[in-house]
Amino acid sequence: MMSQINKTKLAVLISNAGTGTNLLAIIDGINSGKINAEICAVISDREDAKGLEHARKNNLKIEICPKKESLLSLLQRLNPDYICLAGWKQIILDEVILAFPNKILNLHPGLIPDTIEGKIENPDGSEALWNKGKLTDKAILNFLEQKSTYAGSSIHFLTLYFDFGPVLGRVFEKIEVGDTVESLYERLKKKENELYVEVLEKLCK
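Counting in the numbering used here, the sequence shown runs from 5 upward without gaps.
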């Protein structure tokens with residue numbers, strides 16, 4: 005186990021498209037001692053990202069990276085052990101993925117299988133939706149439109165395969181009668197926040 009001195013270095017990438025809840029969950033996980041890590045920088049694509057408020061309150065280093073072409077050099081300078089995508093909306097270039105293999109964590113609003121041809125089952129045995137290529141709102145809407153019994157999300161390592169990579173954890177949320185995108189996502193989001201902490205807790209031991 006790592007000593008308190010030798011903590012895992014995390015870079016957390018956010019944007020003005022997110023609300024900052026995953027960043028806050030990670031900060032709280034570190035402060036509570038669940039995650040043996042430190043955040044070496046919070047990187048945002050814009051100055052107006054909501055998550056930057058959490059970074060400032062916790063005196064974290066902030067970096068603004070408006071161009072995707074600038075990300076690799078910034079990350080190489082910071083040299084984090086893991087890179088946590090938490091509402092990041094820029095495309096991650098292949099050069100970044102290749103420079104940090106099995107180091108970039110992504111939260112995807114769908115149930116990613118363990119193999120390209122594989123499938124994941126919901127808790128009731130029905131087939132879970134991958135939602136490959138769908139961003140959050142469209143992914144949540146797809147759960148409803150396809151009349152899935154469960155919504156769910158996966159945290160995986162980013163690879164050159166789109167929306168696919170080694171899965172580190174999954175969560176499921178039962179879809180209720182009368183659910184809207186907003187009501188369903190509100191419940192799922194809480195589980196996503198908890199999942200991020202659980203995954204990092206294991207990785208940073």
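Beta carbons: idealized from backbone N, C-alpha and C, even for Gly.
- Residue state for T12 is assigned as strand, using DSSP reduced to three classes.
- Counted as a single uninterrupted DSSP element, the alpha helix (DSSP H) harbouring L75 occupies residues 75-82.
- Sequence-distant Cβ neighbours of F166 in its own chain, meaning closer than 8 Å and more than five residues away, are K136, G137.
- Close CB contacts of F161 within its chain, under the 6 Å cut and outside five residues either way in sequence, are with N106, G169, P170 (chain order).
- For N62, the closest of S74, L28, E99, P70 by C-alpha to C-alpha distance is L28.
- Contact between the region 16-28 and the region 71-91 is established, with three or more Cβ pairs separated by less than 8 Å.
- Taking 8 Å as the upper bound for CB-CB distance, V201 and L145 are not in contact here, some 27 Å apart.
- As for any alpha helix (DSSP H) of minimum length 4 sitting wholly inside the region 99-144, there is none.
- Around the C-beta of D49, 16 or more other C-beta atoms lie within 10 Å, and the residue is accordingly described as buried.
- In the DSSP assignment, R50 falls outside any alpha helix (DSSP H), carrying neither H nor E.
- With contacts defined as CB atoms closer than 8 Å, I47 and L64 fail to qualify as a contacting pair.
- Linking G33 to L204 through their CA atoms gives a straight-line distance of about 9 Å.
- Taking 8 Å as the cut-off, the beta carbon of W134 is found closer than this to the beta carbon of I116.
- Counting every other CB atom within 10 Å of its CB across the protein chains shown gives N40 a total of 16 or more, marking it as buried.
- Going by DSSP, K178 is part of the beta strand (DSSP E) stretching over 171-178.
- By the Cβ rule, the region 12-21 counts as touching the region 76-86, because three or more pairs are nearer than 8 Å.
- For L64, there is no enclosing beta strand (DSSP E), since its DSSP letter is neither H nor E.
- For K193, the number of other beta carbons within 10 angstroms of its own is at least 16, and it is reported as buried.
- With respect to the 8 Å criterion, L188 and A155 are classified as neighbours on the basis of their beta carbons.
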